[in-house]
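Q: Numbering (full-length UniProt numbering), first residue to last: 1 to 117.
The beta-carbon is built from N, C-alpha and C at its ideal position, and this holds for glycine as well.
#1: Quick test of your reading: residue 65 and residue 54, contact by CB under 8 Å. State the CB separation rounded to the nearest angstrom.
#2: Given this structure, state the Cα-to-Cα distance separating residue 90 from residue 61, to the nearest angstrom.
#3: In angstroms with no decimal places, state the Cα-to-Cα distance between residue 84 and residue 58.
#4: Taking 7 Å as the cut-off, decide whether the C-beta atoms of residue 92 and residue 7 are in contact.
#5: Out of 96, 56 and 52, which has the shortest C-alpha to C-alpha gap to residue 75?
#6: So, is residue 88 buried or exposed, given that buried needs 16 or more other C-beta atoms within 10 angstroms?
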């Protein structure tokens, strides 16, 4: 499945579940953007908290947190949750995240060309 199809599948599921991406006013759209941003930050917070526990285990032999290998599936799940919020934010803003990422990659290629080895 290509990236655009993944985004479309998720947005379709969101709409069927009552999580809209189209609004009648900028105020409604802004309100949803704020709610989805809070959701995104929450998912990043969950990722950070799990990674913190891995670090505590690495730096404190008596701490019984997860190893990086044990935490990796949960960390990837939190990243997937964060990506879903990014899909929503981009869609609400009328964007095409695949196109926007490719455009940004081109900009970064030019910006960091001198760093290539």
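A: Let me spell this out:
#1: Indexing the chain shown from 1 puts residue 65 at position 65. Indexing the chain shown from 1 puts residue 54 at position 54. Indeed they touch by this definition, with Cβ atoms about 6 Å apart.
#2: Sequence index remark: in the chain shown, residue 90 carries index 90 (1-based). Sequence index remark: in the chain shown, residue 61 carries index 61 (1-based). Between the alpha carbons of residue 90 and residue 61 lies a gap of roughly 43 Å.
#3: Taking the chain shown and counting its residues from 1, one reaches residue 84 at position 84. Taking the chain shown and counting its residues from 1, one reaches residue 58 at position 58. For residue 84 and residue 58, the distance between alpha carbons rounds to 30 Å.
#4: Taking the first residue of the chain shown as 1, we reach residue 92 at position 92. Taking the first residue of the chain shown as 1, we reach residue 7 at position 7. No. Outside cutoff.
#5: Sequence index remark: in the chain shown, residue 75 carries index 75 (1-based). Nearest C-alpha to residue 75: 52.
#6: Working through the chain shown from its first residue, we reach residue 88 at position 88. So residue 88 ends up on the buried side.
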